[in-house]
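Worksheet: one structure, shown below.
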Amino acid sequence: MTAKKTYIQSFCTIQNNQILMNGEVVFSTEPTAFSDFSKKTYQHLEMNYPKFFKMDNLSKLAFLGAEFLLKSESNFSKENNTALVFANKSSSLDTDVKYQNSISDAENYYPSPAVFVYTLPNICLGEISIKHQLKSENSFFIFADYNPEFMEKYSNILLETLKADKVLCGWVEYYNENYKAFLYLVDKEGEIEHNQEILKKLYKQ
């Protein structure tokens, strides 16, 4: 039996102080630290979500990508059963290192609960789910490199088995100021065919 085709409704890339929607630059800043870039992006979106400033950088990266992507979807509804499927290669290592530093010095031992919260990579999925009131299936995977084959197959299974109406997929890598987010929304209808070759091409843009 031939698998039914699925489609990429829209895609978003964040890297090098720049945000692209469907291949077009929609926001950029002069070269700066990610903390400054993320704050300016937040202001650009005119958001009112104070919890954003408590997030770790990985969560901010994923959160901003999802915000741009879902904001662009005129037919996106909280009633949609939108699953989240994310991955990266460094897990939450950037935050893990900060937390380890906070407990390594016996004389300045101060384990921060606020940092400890973010020592799991899937926490960023929770932040997106809370903001957009999603009660859907979500998973976060760790791979050595971007893995379009797995992402395509896994998201298609969710759609084919009716476990999701849409799937928000994302590669969100952040470690030591090096970052890249590539997020896209998969649906059963659309114009851009959802397959490994297309994903590889869009990821490299």
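Reading the sequence shown from the start, the letters are residues 1 to 205 in the UniProt record's numbering.
Where is the CB? At the ideal position from N, CA and C, for every residue including glycine.
Quiz item: By Cβ distance, which residues of its chain are closer than 7 Å to residue 1, with the 5 residues on each side in sequence left out?
Solution: Counting from one through the sequence shown, the residue named residue 1 turns up at place 1. Its pLDDT being 45, under 50, residue 1 is placed unreliably in this model, and the coordinates cannot settle the point.
Self-check item: Sheet register partners of residue 23 (DSSP bridge)
Solution: As a position in the sequence shown, residue 23 is number 23, starting the count at 1. According to DSSP, residue 23 shares a beta bridge with no other residue.
Quiz item: Should residue 42 be flagged as near chain B, meaning a C-beta pair shorter than 8 Å?
Solution: Absent from the structure is chain B; it holds one protein chain and no more.
Exercise. Mind checking which residues open and close the beta strand (DSSP E) that includes residue 138?
Key: Taking the sequence shown and counting its residues from 1, one reaches residue 138 at position 138. Residues 138–142.
Practice problem: Can you give me the start and stop residues for the beta strand (DSSP E) that residue 170 sits inside? | Solution: By 1-based counting over the sequence shown, the position of residue 170 is 170. Counting along the chain, the beta strand (DSSP E) containing residue 170 begins and ends at 166–175.
Quiz item: So, are the CB atoms of residue 6 and residue 186 less than 8 Å apart?
Solution: Numbered from its first residue, the sequence shown carries residue 6 at position 6. Numbered from its first residue, the sequence shown carries residue 186 at position 186. A contact, by the Cβ cut-off of 8 Å.
Quiz prompt | Beta bridge counterpart(s) of residue 183 as assigned by DSSP | solution = In the sequence shown, counting from the first residue as 1, residue 183 sits at position 183. BP columns for residue 183 point to 12 and 170.
Quiz item: In whole angstroms, what is the alpha-carbon distance linking residue 173 and residue 4?
Solution: Sequence index remark: in the sequence shown, residue 173 carries index 173 (1-based). Sequence index remark: in the sequence shown, residue 4 carries index 4 (1-based). Each residue's alpha carbon lies about 30 Å from the other.
Quiz item: Would you call the region 115–135 and the region 152–160 in contact, with 3 or more CB pairs under 8 Å?
Solution: no
Quiz prompt | Under the three-state DSSP convention, the category residue 133 falls into | solution = Locating residue 133 in the sequence shown gives position 133, counting from the first residue. Looking at residue 133 - three-state DSSP - the assignment turns out to be coil, as it is neither helix nor strand.
Quiz prompt | For residue 71, the nearest candidate out of 171, 145, 21 and 148 (CA to CA) | solution = For the purposes of this step, residue 71 is taken as the residue at position 71 of the sequence shown. For the residues 171, 145, 21 and 148, the minimum Cα distance to residue 71 belongs to 21.
Quiz item: Secondary structure at residue 202, three-state DSSP: helix, strand or coil?
Solution: Taking the first residue of the sequence shown as position 1, residue 202 is located at position 202. Looking at residue 202 - three-state DSSP - the assignment turns out to be helix.
Self-check item: Residues near residue 64 in its chain [Cβ-Cβ closer than 6 Å; skip 5 each side]
Solution: Along the sequence shown, one-based indexing puts residue 64 at 64. Closer than 6 Å at the Cβ level, and outside the excluded window around residue 64, lie 41.
Exercise. Identify whether residue 218 lies in helix, strand or coil by the three-state DSSP scheme.
Key: Examination of residue 218 is not possible in this model, given that the chain is present from 1 through 205 alone.
Exercise. Report the three-state DSSP secondary structure of residue 42 (helix, strand or coil).
Key: If you number the sequence shown from 1, residue 42 lands on position 42. Residue 42 falls in the helix class under three-state DSSP.
Quiz prompt | Cβ-based neighbour list, residue 183, same chain, cut-off 6 Å, excluding 5 preceding and 5 following | solution = Indexing the sequence shown from 1 puts residue 183 at position 183. So the list reads 12, 65, 69 and 170, once near-sequence residues are dropped.
Self-check item: Alpha-carbon to alpha-carbon, residue 59 and residue 131
Solution: Translated into positions along the sequence shown, residue 131 becomes position 131. Translated into positions along the sequence shown, residue 59 becomes position 59. In a straight line, the C-alpha of residue 131 is about 12 Å away from that of residue 59.
Self-check item: Cβ distance (whole Å) where residue 25 is taken to contact residue 18 below 8 Å
Solution: Translated into the one-based positions of the sequence shown, residue 25 becomes position 25. Translated into the one-based positions of the sequence shown, residue 18 becomes position 18. A Cβ-Cβ separation of about 6 Å places residue 25 in contact with residue 18 under the 8 Å criterion.
Practice problem: Measure the CB-CB distance between residue 73 and residue 10 and report whether it falls below 8 Å. | Solution: Residue 73 sits at position 73 when you count from the first residue of the sequence shown. Residue 10 sits at position 10 when you count from the first residue of the sequence shown. Yes, Cβ-Cβ distance for residue 73 and residue 10 is below 8 Å.
Quiz item: Given residue 193, which residues of its chain have a CB within under 7 Å of its CB, disregarding the five upstream and five downstream residues?
Solution: Counted from its first residue, the sequence shown places residue 193 at position 193. Within the same chain, residue 193 has close Cβ partners 5 and 7.
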